[in-house]
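Presented below is the structure to which this report refers.
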Amino acid sequence: AFKVSNAVYFSKWYLNNFPSLKAPLLLMHQNSQTKVVLKVGNIVTFNADTVVKVIRYVLYVLQVVWSACSIIRGLRQN
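Under my numbering, read the sequence shown as residues -14 to 63, first letter to last.
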């Protein structure tokens, strides 16, 4: 989100002759500075970092399970 904010800020939008873009670009800049947070019963807080951590953990578990299945399959063939 901050990359979007920085891209809008440094885009030199004021040099172009597109006055109709001023309001949408300012809204993009403003909205990209706020973080999206989802609270579940005031126990768990989900944000972008939490989602990335969960996906990485799930991929790690799947990799371990796949490796275990490959080892078991290799042992059965011998």
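Built from N, CA and C at the ideal position, the CB exists for glycine as well.
Fair warning: this is a prediction, and the values are worked out from it, not measured in the lab.
task = Compute the distance between the beta-carbons of Ser17 and Val(-11), then report whether it is under 9 Å.
result = For Ser17 and Val(-11), yes; Cβs fall inside 9 Å.
message = Less than 9 Å between the C-beta atoms of Tyr42 and His14, yes or no?
response = no
message = Please tell me whether Asn32 and Leu44 are closer than 9 Å, where the distance is taken between their beta carbons.
response = no
ask   = What's the C-alpha gap between Gly26 and Asp34?
value = 19 Å
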